[in-house]
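So the number in the numbering used here is just where the residue sits in the sequence shown, counting from 1, plus 395. No residue lacks a Cβ here, since even glycine has one placed at the ideal position from N, Cα and C. Note that the coordinates shown come from a computational prediction; the quantities given were computed from them, not determined experimentally. Quick notes on the structure that follows.
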Amino acid sequence: MRVTAEAQPRRAALRRWSAGANRLSALIVVAQLCATLAWVVFAWSAGNAVEAASQGKALAPLVLLAFVAASLRATLIWGADILAVRAGDRTVTAARREILEAAAKYGAQFLAGTDAGERASQIVDRTGKLAGYTANWTPGVRLAVAAPLIIVAAVFAQSWLAAILLFVSVLTLPLFIWLTASETTAAARAQQDSLDALAGAFQARASQAGLIRAFRAIGRETAALAEASQNLRNHTIAILRIAFLSTAVLEFFASISIALVAVYIGFKLLGIFPIETHETISLAQGMTALILAPEFFAPIRRLSALHHDRADGVAAAEMLANWLANKDKAEVKRLPSLTAAPALRFANVTLAYGGVPALSEFSAEIEPGEMVALVGSSGAGKTSVLMALLARCQLSAGSIEVNGVALAPGESLAESVAFVRQAPWIAEGSLADNIRLARAGAGRAEIEAAAHAAGVFSFATPDRGGLDLRLSRFGAGLSGGQRQRLALARAIVRDAPLWLLDEPTAHLDPDAEAELLVRIRDLGRDRTVIIATHAATVMAACDRIIRLPAPAQRAAP
């Protein structure tokens, strides 16, 4: 029964990603086959040069031909290597482009399911494993079939029995290669999983280094990283063990076969071979066959090593293809920016993440320009309500209306929203650059005005560089209040009619909280503002409170 692409997402993905490199793969095969033919010419020239030397004849033409053939072969192999690098780069680029396009198309929820470190490893390291599949394995398989046929034909022209010895000896190798290949694929999959786990563990601990120090957990967390590192080391050693074993066995068979050919040719040249083979071998023919014999096994030896490129590529493609195939099918569509503060209505809304319910039968109405507090216990679904407006949460039932028009599945208000998180993300760079993240086209004057309105200059004083103050990665050195002022400046630069704030005062002292609420109140005029919060002071500052039921009190979905 023929296997369809839908039943084999891995195969379909590999074909898709390597499509742009197919022409380069074909050129690699052509270049390598031409290099094989050049080696045949070299072997013939060298063999005849040895015979000519033994007979006292002129060597110059044969030596010159051998030099040209060897130089041509080296040039062709060099060119094939360059093409292989380009083919691998095209495959990796195609895979990464598809993943990033899916993230842009389906939203950040597409990246959910594991932590940031593992996702980064999958996007960078796993896709990098695809290069060897296209650059090495795909042309290597073709060469392992075609190149030995060229060599055995050339050897046959010198000695038919030597050619048969080579051909028969290679028949046992496919079974061995198949046995090692299945083991290599499983080992490669385990090694890549352990690499993802180590990347995730390292990223999680690096991002929380301060917290780890505060709770004196450095030793414990170091031990956890050491265990993940040891796990990766063990899986890597397992792959190397298989590689060394397969290489040793192949070298053994190849050495025996070459030795048999050498013994036969040597005895024939000496005239003492005990069995009549009905052929006469000259010194030139014998030398040519001996020079060609190792080349017969070269692409087969290389194919054994390339099984690790195949195993890496297959394991990576399997994970990536399943990830892409299981993505949420609702495409995120950003609606045009609203021109005024919107009216919002949630009618019996049920929300979920990946099919897991997050909120059931929620109803509420928010008037234009109103500042409301979204209140509920942890896990009640406050953040999910905000994410639903950005199409980052699945709308399983009910409807969300904006100015009386229901949002279709996947429609997002992102172009009309300024979002302020509990812990704003801060990039390494200047303060102005961090504010400009909200709107890439914002001018210096707009950024200064937003910074003044948000109170950023209370800490970005001229003696510290003002808006040119350099911020380190994750904003180390900034207090919670300073971070929230920066986030508020971004919201102002964004100039959006809808503000969504998720626990904006969670880590602020009372004075900083009061100051931030005053600024939000003043700057939020003529905007619809929704604040997810637990804080009584935030509730008191809002026009109205919308309470969500506790998770245990929700109706069953």
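- [ ] Go ahead and label Thr617 buried or exposed: buried means 16 or more other beta carbons lie within 10 angstroms of its beta carbon, across all protein chains shown.
- [x] Within the sequence shown, numbered from 1, the residue matching residue 617 stands at position 222. Classification of Thr617: exposed, given that the 10 Å Cβ count is below 16.
TODO: Determine, using beta carbons only, whether Asp591 and Gln680 come nearer to each other than 8 Å.
DONE: Your numbering for residue 591 matches position 196 in the sequence shown. Your numbering for residue 680 matches position 285 in the sequence shown. No, Cβ-Cβ distance for Asp591 and Gln680 is not below 8 Å.
Open item on the list: Let's test the definition: count the other Cβ atoms within 10 Å of the Cβ of Pro737 and tell me whether it reaches 16, buried, or not, exposed.
Closed with: The count along the sequence shown starts at 1 and reaches residue 737 at position 342. The residue is buried, with at least 16 neighbouring Cβ atoms inside 10 Å.
Open item on the list: Using the Cβ count rule (16 or more neighbours within 10 Å means buried), how would you classify Trp439?
Closed with: Locating residue 439 in the sequence shown gives position 44, counting from the first residue. By the Cβ neighbour-count rule, Trp439 is buried, with 16 or more other Cβ atoms within 10 Å of its own.
Open item on the list: For Leu495, count the other beta carbons within 10 Å of its own beta carbon; 16 or more makes it buried, fewer makes it exposed. Which is it?
Closed with: Residue mapping note: residue 495 aligns to position 100 of the sequence shown, counting from 1. It counts as exposed.
Open item on the list: Output needed for Arg831: all residues of its chain with C-beta closer than 8 Å, excluding positions within five of it in sequence on either side, in chain order.
Closed with: For the purposes of this step, residue 831 is identified with residue 436 of the sequence shown, where counting begins at 1. For Arg831, where only same-chain residues beyond five positions count, the Cβ hits under 8 Å are Ala837, Ile842, Val888.
Task: Delimiting residues of the alpha helix (DSSP H) encompassing Leu635 - done: By one-based count along the sequence shown, residue 635 stands at place 240. Its alpha helix (DSSP H) spans residues 613-665.
Task: Beta-carbon separation (whole angstroms), Val435 vs Ile559, contact threshold 8 Å - done: Translated into the one-based positions of the sequence shown, residue 435 becomes position 40. Translated into the one-based positions of the sequence shown, residue 559 becomes position 164. Incorrect: roughly 18 Å between the Cβ atoms, too far for contact.
Open item on the list: Ala901 and Gln817 - do their beta-carbons sit closer together than 8 Å?
Closed with: For the purposes of this step, residue 817 is identified with residue 422 of the sequence shown, where counting begins at 1. For the purposes of this step, residue 901 is identified with residue 506 of the sequence shown, where counting begins at 1. Cβ distance < 8 Å, so Gln817 and Ala901 count as in contact.
Open item on the list: Let me check you understand the geometry: is the CB of Lys500 closer than 7 Å to at least one non-hydrogen atom of the ligand GTP?
Closed with: Of the ligands one can find in the structure shown there are none, so the ligand GTP has no counterpart to examine.
Task: Bounding residues of the alpha helix (DSSP H) (the contiguous stretch that carries Asp484) - done: In the sequence shown, the residue the question calls residue 484 occupies position 89. Per DSSP, Asp484 is one residue of the alpha helix (DSSP H) stretching across 455-501.
Open item on the list: Just list the residues that DSSP pairs Pro752 with in beta bridges.
Closed with: Along the sequence shown, read from residue 1 onward, the residue named residue 752 stands at position 357. As a beta-bridge residue in DSSP terms, Pro752 pairs with Ala747.
Open item on the list: If I follow the unbroken beta strand (DSSP E) through Glu843, where does it start and stop?
Closed with: To locate residue 843, count along the sequence shown from 1; it is residue 448. Per DSSP, Glu843 belongs to no beta strand (DSSP E); it is in the alpha helix (DSSP H), 839-849.
Open item on the list: I'd like the span of the alpha helix (DSSP H) that includes Arg939, first residue to last.
Closed with: What you label residue 939 is simply residue 544 of the sequence shown in a count that begins at 1. Note, Arg939: premise wrong, no alpha helix (DSSP H); beta strand (DSSP E) at 939-942.
Open item on the list: Rounding to the nearest angstrom, what Cα-Cα distance links Ala511 and Gly595 in this structure?
Closed with: If you number the sequence shown from 1, residue 511 lands on position 116. If you number the sequence shown from 1, residue 595 lands on position 200. When rounded, the distance between both Cα atoms is 7 Å.
- [ ] Starting from the C-beta of Ala930, find all residues in its chain whose C-beta is less than 6 Å away, skip the five residues before and the five after it, and write them out in chain order.
- [x] The residue given as residue 930 occupies position 535 in the sequence shown. If we look at Ala930 and ignore the five residues flanking it on each side, its Cβ neighbours are Thr900.
Task: Classification of Arg954 by the beta-carbon crowding that lies within 10 angstroms, buried from 16 upward - done: No answer is possible for residue 954: it lies beyond the span of the chain, which begins at 396 and ends at 952.
Task: C-alpha gap between Ile941 and Val851, whole angstroms - done: Position 546 of the sequence shown, counted from the start, is the residue given in the question as residue 941. Position 456 of the sequence shown, counted from the start, is the residue given in the question as residue 851. Going from the Cα of Ile941 to the Cα of Val851 covers about 31 Å.
Open item on the list: Am I right that Ala935 and Leu781 are in contact with their C-beta atoms under 8 Å? What's the rounded C-beta distance?
Closed with: Numbered from 1 along the sequence shown, position 540 holds the residue referred to as residue 935. Numbered from 1 along the sequence shown, position 386 holds the residue referred to as residue 781. Actually they do not touch by this definition, with Cβ atoms about 21 Å apart.
Open item on the list: Between which two residues does the alpha helix (DSSP H) holding Leu883 run?
Closed with: Here residue 883 corresponds to residue number 488 of the sequence shown, with the count starting at 1. 875-889 is the extent of the alpha helix (DSSP H) around Leu883.
Task: Spatial neighbours of Ser677 in its chain, beta-carbon cut-off 8 Å, leaving aside the 5 residues before and after - done: Here residue 677 is taken as the residue at index 282 of the sequence shown, counted from 1. Non-local C-beta neighbours of Ser677 in its own chain, meaning closer than 8 Å and more than five positions away in sequence, comprise Glu446, ordered along the chain.
Open item on the list: Along the chain, where does the beta strand (DSSP E) containing Val797 start, and where does it finish?
Closed with: The residue you call residue 797 lines up with position 402 of the sequence shown. From DSSP, the beta strand (DSSP E) with Val797 extends over 789-797.
Open item on the list: Suppose contacts are defined by Cβ-Cβ distances below 8 Å. Is Leu538 in contact with Arg481 by that definition?
Closed with: For the purposes of this step, residue 538 is taken as the residue at position 143 of the sequence shown. For the purposes of this step, residue 481 is taken as the residue at position 86 of the sequence shown. Between Leu538 and Arg481, the gap from beta carbon to beta carbon reaches 8 Å or more.
Task: Extent of the continuous beta strand (DSSP E) run through Asp897 - done: Within the sequence shown, the letter at position 502 stands for residue 897. From DSSP, the beta strand (DSSP E) with Asp897 extends over 893-897.
- [ ] State the CB to CB distance for the pair Gly774 and Leu746, rounded to an integer number of angstroms; the pair is presumed to be in contact (CB under 8 Å).
- [x] To locate residue 774, count along the sequence shown from 1; it is residue 379. To locate residue 746, count along the sequence shown from 1; it is residue 351. That belief does not hold up - the Cβ atoms of Gly774 and Leu746 are roughly 13 Å apart, past 8 Å.
TODO: Please go through the same chain and pick out, in chain order, the residues whose beta-carbon is closer than 6 Å to the beta-carbon of Arg922, but skip the five residues on each side of it.
DONE: Here residue 922 refers to the residue found at position 527 of the sequence shown. Closer than 6 Å at Cβ, skipping near neighbours: Ala736, Pro892, Trp894.
- [ ] Have a look at the DSSP bridge pairing and note the partners of Leu739.
- [x] The residue you call residue 739 lines up with position 344 of the sequence shown. DSSP output for Leu739 lists Ile761, Val797 as bridge partner(s).
Open item on the list: Excluding the 5 residues flanking Leu454 on each side, which residues of the same chain have their C-beta closer than 8 Å to its C-beta?
Closed with: Along the sequence shown, one-based indexing puts residue 454 at 59. Counting only Cβ-Cβ distances below 8 Å, and skipping sequence neighbours, we find Ala444, Ala447, Ala448.
Task: Through-space distance from Ala649 to Ser507, alpha-carbon basis - done: As a position in the sequence shown, residue 507 is number 112, starting the count at 1. As a position in the sequence shown, residue 649 is number 254, starting the count at 1. For the sequence presented, residue 507 should be read as Ala rather than Ser. Between Ala507 and Ala649, the C-alpha separation is close to 50 Å.
- [ ] Could you round the C-beta distance between Leu883 and Arg914 to whole angstroms and report it? I think they count as a contact, below 8 Å.
- [x] The sequence position of residue 883 within the sequence shown is 488, counting from 1. The sequence position of residue 914 within the sequence shown is 519, counting from 1. The beta-carbon distance between Leu883 and Arg914, rounded to whole angstroms, is 6 Å. This is short enough to meet the 8 Å contact definition.
TODO: Could you have a look at Lys452 and say whether DSSP puts it in helix, strand or coil?
DONE: Taking the first residue of the sequence shown as 1, we reach residue 452 at position 57. DSSP places Lys452 in coil when its eight states are reduced to three.
Task: Lys524 (DSSP reduced to helix, strand or coil) - done: For the purposes of this step, residue 524 is identified with residue 129 of the sequence shown, where counting begins at 1. Looking at Lys524 - three-state DSSP - the assignment turns out to be coil, as it is neither helix nor strand.
TODO: State buried or exposed for Lys452, treating a residue as buried only when at least 16 other CB atoms are found within 10 Å of its CB.
DONE: For the purposes of this step, residue 452 is identified with residue 57 of the sequence shown, where counting begins at 1. With fewer than 16 other Cβ atoms within 10 Å, it is exposed.
Task: Three-state class that DSSP yields for Gly512 in the structure shown - done: Locating residue 512 in the sequence shown gives position 117, where the first residue counts as 1. Three-state result, Gly512: helix.
TODO: Please say whether His673 and Thr579 have beta carbons closer to each other than 8 Å?
DONE: As a first step, residue 579 is located in the sequence shown; it is residue number 184 there, counting from the start. As a first step, residue 673 is located in the sequence shown; it is residue number 278 there, counting from the start. Cβ distance not < 8 Å, so Thr579 and His673 don't count as in contact.
TODO: Taking Ala871 as the reference, give the member of Leu826, His847, Asp906, Leu911 with the closest Cα.
DONE: For the purposes of this step, residue 871 is identified with residue 476 of the sequence shown, where counting begins at 1. Here the closest residue by C-alpha is Leu826.
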